[in-house]
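So the structure is just underneath, and the comments pick up after that.
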């Protein structure tokens, strides 16, 4: 925001211009000076607004992102004047045939796009898109380029893009050729300057288009020929938001002043290492003033007139970006050398224009959605080019999107992981910097990059080497909304939303992180057992290959570690998590997130956090943390202390999330892990390697038995029996009721190995009056009969625990709830008969 008289002058001048417009209420060239001066005011305040270093992917109205900014005030003044806005679109763009007026109107429309509801303009105003296409092909400059930039806003709407597929295929080819002409011309100019000046300027020309590198078979396709219809198959969803259009634009909760940015410079202590230009473009960050560095951090020259080659190329890229993801246009991009163009544009040493480089990075990200383009980009050194982009800068935030989109392409990421070790290490380090120090969108893109890439062991190992888990946890631990004292009471609604988004994305990343480490730990334990038993070693997947697992496989791995892992299981990631007090942090997040009733991803956030705890409860130390008190908020908003397991039981019961089966199952999995562990670690096992019986290694039972007994007790004393019994008769949601019943019954079987619990259960009407037999007759949903079988099998085990309570011979159960071989023949026959009666 400008200060003093500047603030009043801009606002007053725009108001005066509108008054003059209303007075003249004319059309034609009389309006050109008014529109031109309005554009100059908006462009000046846009540059002032950008000096505050706002998130470049924040697509909110500037007045909402920063209520104090002058740009926001000016846009509101314009948008409130319906007569002027209607005249601007209807008369000056759609109806008028005066080029000067069309040019001035299009320039102003481009300037106010950040606050404009583009759907209203481009969908409801019939004929405007046709006009823009005509001007983009035929008009003189600068109208031709202004129209091209405005089409970029129109094409963000997928319906519009689909309706104009033929026009787009022709215009894409046209502007790509124009971009190459501009690039060649600019390089020639720089070469001439180099010969005239003794100063060295980086001026390597763009490599000529390598036709052989484009090995796609395009057949008889003409660049301006018929194209297939745009379909829904082209829509990409990235789990950041409701659609891919909004996924790359995360609302920023961070406002950095120049002073704060300079502090980041001093912390960064990095060198740009670019050649020097007369304007002192690139200097060492740690010794730079904000005035020197701001052009290369937030950009400069937001004026659209006079039209320079750099501005023309920026507006062309704004048009190409929303079209880059469409499969039917990919052949055109490949044939006309988009990869070579982007490799040039993302090189700040060549462009010396951070705004141009940023726009190119946005377009590059859209192209990286395609496997063909992404693999060629990686193969030709594209990743190394991305890593050369200086940080902090607007362009660095653009890199975050490229890395994020690249991570979705498994083939391309395998190639990245096969790069020399120092390159991959730089990728991880750069992304970690983005996660910690970038704008909110950069942090989000970086976090999502790791969420996907933890499946590559090469990335996972480097992440750990760079202390990644601590840095990931910091994203949550520093959130004001988790402060029990005020829960971020001073934050705006947008800031609260952004903080919740951070919590969700971070929990999802942590879940993927621990899933990847769980697989590694299981592999280590299996190899240890195989070496002991003389089995054949299984070689792990190469570190550059992605390893992904289904939820069922994750559950199997958890069960394996609980059953066969050492009694004193040491797991480095769990130890770090413990030292950082993250178990309490996750429990507090779950408790607080239960009240985020207006947040669309509340359930996802809680489920991710529960899944993290479920994986970690394979470690007895982590289980014991759930028996410790945790500070949470009660209904009145006061801080109270509760036992961690009570939070899990409350979620499992469905108290906070009505009929959300996934959350209930995740919570039940934690309880199962805590109460169903082996109570005797010196025993024979009948299943392990290739079905061959193997003897379990002798291990000290004391610690594990102590942990198990404590968890039995803490679950019982926090109404665990009541919660689990209530879930035995759950009927909703109908598609998951049978599985929830099976989970609850499994937890009860494990819990019932406690003599105290057995005595309590055996006296309950549900068992003593045979009420539960009614539940065993039929599944809730016939399609889920397999889950109903599991429920009945567990129930048969529960029937056996009644024997000690009635004074009969003590019955032993194995971990899975099946009768132990210590039962006499009659008791075993009885257990089998119960199952056969239900499933003949």
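In full-length UniProt numbering, the protein residues as written are 1 to 840.
The beta-carbon is built from N, C-alpha and C at its ideal position, and this holds for glycine as well.
Assuming residue i and residue j make a contact with CB atoms under 8 Å, what is their CB distance in whole Å?
i, j, result
"residue 50", "residue 298", "5 Å"
"residue 490", "residue 522", "Wrong, their Cβ atoms sit about 46 Å apart, outside the cutoff."
"residue 619", "residue 569", "5 Å"
"residue 365", "residue 447", "No, residue 365 and residue 447 are not in contact; Cβ-Cβ is about 16 Å, not under 8 Å."
"residue 602", "residue 614", "The pair is not a contact, with the Cβ atoms about 19 Å apart (cut-off 8 Å)."
"residue 721", "residue 757", "6 Å"
"residue 667", "residue 648", "5 Å"
"residue 336", "residue 176", "4 Å"
"residue 161", "residue 322", "7 Å"
"residue 139", "residue 171", "About 13 Å; that fails the 8 Å criterion."
"residue 742", "residue 724", "With a Cβ gap of about 12 Å, residue 742 and residue 724 do not count as contacting."
"residue 674", "residue 632", "Not a contact, Cβ separation roughly 19 Å."
"residue 402", "residue 386", "6 Å"
Could you spell out where the beta strand (DSSP E) holding residue i opens and where it closes?
i, result
"residue 629", "629 to 633"
At what residues does the alpha helix (DSSP H) containing residue i begin and finish?
i, result
"residue 646", "644 to 653"
"residue 61", "Unbroken run through residue 61: none, as it is neither H nor E."
"residue 331", "330 to 335"
"residue 343", "338 to 345"
"residue 364", "354 to 367"
"residue 447", "440 to 453"
"residue 414", "410 to 417"
"residue 463", "457 to 465"
"residue 37", "32 to 51"
"residue 477", "468 to 477"
"residue 312", "309 to 320"
At the level of alpha carbons, what is the spacing between residue i and residue j?
i, j, result
"residue 18", "residue 120", "22 Å"
"residue 105", "residue 310", "21 Å"
"residue 661", "residue 627", "25 Å"
"residue 672", "residue 635", "28 Å"
"residue 406", "residue 13", "46 Å"
"residue 53", "residue 65", "12 Å"
"residue 83", "residue 107", "19 Å"
"residue 417", "residue 303", "42 Å"
"residue 565", "residue 525", "7 Å"
"residue 467", "residue 637", "35 Å"
"residue 351", "residue 150", "23 Å"
"residue 305", "residue 344", "24 Å"
"residue 734", "residue 653", "16 Å"
"residue 658", "residue 587", "19 Å"
"residue 608", "residue 34", "55 Å"
"residue 133", "residue 585", "54 Å"
"residue 20", "residue 116", "23 Å"
"residue 470", "residue 408", "25 Å"
"residue 31", "residue 92", "9 Å"
"residue 15", "residue 548", "59 Å"
"residue 1", "residue 71", "The pLDDT assigned to residue 1 is 42, lower than 50, so where the model puts this residue is not dependable; a value taken from the coordinates is nonetheless given after this. Rounded to the nearest angstrom, the two C-alpha atoms are 8 Å apart."
"residue 184", "residue 542", "43 Å"
"residue 88", "residue 367", "34 Å"
"residue 9", "residue 40", "13 Å"
"residue 376", "residue 449", "20 Å"
Could you tell me whether any Cβ in chain B is nearer than 9 Å to the Cβ of residue i?
i, result
"residue 738", "Looking for chain B here will not work: only one protein chain is present."
Query raised in the report: Taking one C-beta from the segment 392 to 409 and one from the segment 426 to 443 each time, how about it: are there three or more such pairs within less than 8 Å?
Result: yes
Query - Ranges of the alpha helix (DSSP H) found wholly within the segment 546 to 634, counting only runs of at least 4 - result: 551 to 564, 572 to 579, 582 to 593, 602 to 616, 620 to 625
**Report entry** Cβ contact check for the segment 568 to 585 and the segment 550 to 557: 3 or more pairs under 8 Å
**Finding:** no
Query raised in the report: Where are the alpha helix (DSSP H) runs, 4 residues long or more, that stay fully inside the segment 484 to 518, in chain order?
Result: none
Query raised in the report: Any chance the segment 453 to 465 sits against the segment 486 to 506, with 3 or more Cβ pairs inside 8 Å?
Result: no
Query raised in the report: Can we say the segment 47 to 66 touches the segment 124 to 132, given the rule of at least three CB pairs closer than 8 Å?
Result: In short, these stretches do not touch, since the Cβ pair count stays below three.
Query raised in the report: For the segment 399 to 418 against the segment 465 to 481, are there 3 or more C-beta pairs whose distance is under 8 Å?
Result: no
Report task. Answer yes if the segment 41 to 49 comes into contact with the segment 313 to 327, meaning at least three C-beta pairs across the two stretches below 8 Å, and no otherwise. Result -> Contact between the segment 313 to 327 and the segment 41 to 49 is absent, with fewer than three C-beta pairs closer than 8 Å.
Query raised in the report: Whole alpha helix (DSSP H) runs in the segment 721 to 760 with 4 or more residues, listed along the chain?
Result: 737 to 751
Query raised in the report: With contact counted as at least three CB pairs below 8 Å, one residue from each stretch, are the segment 501 to 508 and the segment 419 to 427 in contact?
Result: no
Requested in this report: Determine contact between the segment 97 to 104 and the segment 130 to 144, defined as no fewer than three beta-carbon pairs at a distance below 8 Å.
Outcome: yes
Query raised in the report: Taking one C-beta from the segment 321 to 341 and one from the segment 73 to 82 each time, how about it: are there three or more such pairs within less than 8 Å?
Result: Note that the segment 321 to 341 does not touch the segment 73 to 82; fewer than 3 beta-carbon pairs, one per stretch, sit closer than 8 Å.
Query - Sequence ranges, alpha helix (DSSP H) only - wholly within the segment 118 to 153, length at least 4 - result: 118 to 124, 128 to 138
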